[in-house]
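Numbering (my numbering), first residue to last: 4 to 122.
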């Protein structure tokens with residue numbers, strides 16, 4: 004498979020990890036759009052939110068729990084953050100592996116340019 008995020012999960016491409024468990028990986032975005040900008044991905048490859056099946060809903064819960072843990076670890080839980088999932092072409096998804104952007108560390112106005120190409 005030629006998926007950028009699968010290569011990060013497999014360790015073929017290095018990343019600056021924040022959290023990792025057997026199902027989810029959280030790592031810093033290399034082109035941050037906010038002072039704190041990490042990506043939260045399932046280790047299981049799914050192209051987008053559209054590919055999530057009923058049996059994957061526990062994994063989505065794991066992703067959201069990882070978002071909470073990462074926000075605490077990164078010191079933005081109390082001040083606030085934004086959790087974004089881009090889905091499909093019109094949603095500006097460019098890496099076709101389900102992922103969420105966790106952004107914070109400043110007052111976030113109307114952000115633009117948040118695409119999944121910022122791996």
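All C-beta atoms in this analysis are idealised placements derived from N, C-alpha and C, irrespective of residue type, glycine included. These numbers come from a predicted model, not from an experiment.
Through-space distance from residue j to residue i, alpha-carbon basis
i	j	result
residue 119	residue 98	Note on residue 119: pLDDT 46, under 50, position unreliable in the model; no value is reported.
residue 55	residue 91	13 Å
residue 15	residue 49	19 Å
residue 106	residue 82	11 Å
residue 25	residue 44	12 Å
residue 20	residue 57	28 Å
residue 13	residue 111	33 Å
residue 17	residue 75	23 Å
Buried or exposed by the 16-neighbour rule on C-beta atoms within 10 Å, applied to residue i
i	result
residue 64	exposed
residue 11	buried
residue 1	The requested residue 1 is not part of the displayed model; the chain covers only 4 to 122.
heavy atom of the ligand ADP below 7 Å from residue i C-beta
i	result
residue 85	For the structure depicted, the ligand ADP is absent and the ligand set is empty, with no information on it obtainable.
From the options, residue whose alpha carbon lies closest to that of residue i
i	options	result
residue 46	80, 62, 111	62
residue 108	18, 11, 78, 102	78
residue 71	104, 89, 59	104
residue 36	60, 13, 87	87
residue 101	60, 52, 85	52
Which residues DSSP lists as bridging residue i, in chain order
i	result
residue 48	BP columns for residue 48 are empty, so no partner.
residue 85	106
residue 8	Paired residue(s): none; residue 8 is not in a bridge.
residue 63	BP columns for residue 63 are empty, so no partner.
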